[in-house]
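Inspection log for the structure reproduced underneath, given as structure tokens.
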Amino acid sequence: MTLSAPLERCPLLVRGGSLIVLAEPDQAAATRHSRVRVLRAFPLPPTHAPGSVAFAWTEDDGVTADDALATAATAGAATGDRDRLFLSCELHCSTDALVLRARATFVGEGRGWRPLFTTIEVQLPAAERRALV
50 MTLSAPLERC PLLVRGGSLI VLAEPDQAAA TRHSRVRVLR AFPLPPTHAP
100 GSVAFAWTED DGVTADDALA TAATAGAATG DRDRLFLSCE LHCSTDALVL
150 RARATFVGEG RGWRPLFTTI EVQLPAAERR ALV
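Residues 50 to 182 (this note's numbering) are what the sequence shown spells out, left to right.
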């Protein structure tokens with residue numbers, strides 16, 4: 050197989066049954082200012098259903114370094130784990146529907162940090178015809 054890969058567009062090859070998290074489409078990477086995460090779902094094809102796909106990712110403030118926490122701890126400052134958000138997703142694929150379940154868990158020392166993004170946009174391949182629940 051030969052794919053075109055011009056400099057302005059990088060091809061992305063993804064195996065069926067994959068979930069990928071991206072920043073907003075107009076940003077090169079997730080930043081402190083990102084308001085949206087895009088969950089690109091590539092469901093198992095109906096011929097391979099039923100089946101499930103699981104995926105998890107971590108969000109943090111993007112600024113605090115683990116070594117800064119360690120330095121503060123050795124200096125006698127009260128520290129704990131940096132606040133983080135763990136997100137886990139499961140995509141259940143059947144021959145006629147896709148069911149997406151997500152769970153968010155906040156951990157850390159509880160300073161109340163929350164990610165700036167407020168939306169997770171789910172995108173399916175253009176050819177996908179099964180209903181997403």
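Ideal placement from N, C-alpha and C gives every residue a C-beta, glycine not left out. Remember, it's a predicted structure, so these values are computed and weren't measured experimentally.
Item to complete: Would you grab the beta carbon distance between Asp145 and Asp109 for me? Rounded to a whole angstrom, and I think it's under 8 Å.
Response: The Cβ separation is near 38 Å, so there is no contact.
Quick check on the burial criterion: 16 or more other C-beta atoms within 10 angstroms. Buried or exposed for Val102? Under the 10 Å beta carbon count, Val102 is surrounded by 16 or more other beta carbons and is classified as buried.
request  = Could you give the DSSP three-state label for Thr167: helix, strand or coil?
outcome  = coil
Alpha carbons only, please: which of Arg178, Val171 and Val182 is nearest the one belonging to Val85?
Answer by Cα proximity: Val171.
In angstroms with no decimal places, state the Cα-to-Cα distance between Val148 and Glu158. 33 Å
- Looking at the unbroken beta strand (DSSP E) that takes in Arg150, where does it start and where does it end? That run of the beta strand (DSSP E) goes Ala146 to Val156.
Practice problem: For Trp162, collect the residues of the same chain with a Cβ closer than 7 Å to its Cβ; drop the 5 residues on either side in sequence, then sort them by chain order. | Solution: Asp110 and Asp132
- [ ] Would you decide whether Cys138 is buried or exposed? Buried here means 16 or more other CB atoms lie within 10 Å of its CB.
- [x] Of the residues assessed, Cys138 falls on the buried side of the cut-off, its CB having 16 or more other CB atoms within 10 angstroms.
Which of helix, strand or coil DSSP assigns to Thr96:
Here Thr96 sits in helix by DSSP.
- Query: Can Ser143 and Ala98 be called in contact, C-beta distance under 7 Å?
  - Reply: yes
If I measure Cβ to Cβ from Ala124 and keep anything under 7 Å in the same chain, skipping five residues before and after, which residues do I get? In this predicted model, Ala124 has a pLDDT of only 48, less than 50, meaning its place in the structure is not dependable; the value taken from the coordinates is given anyway. Here the set comprises nothing.
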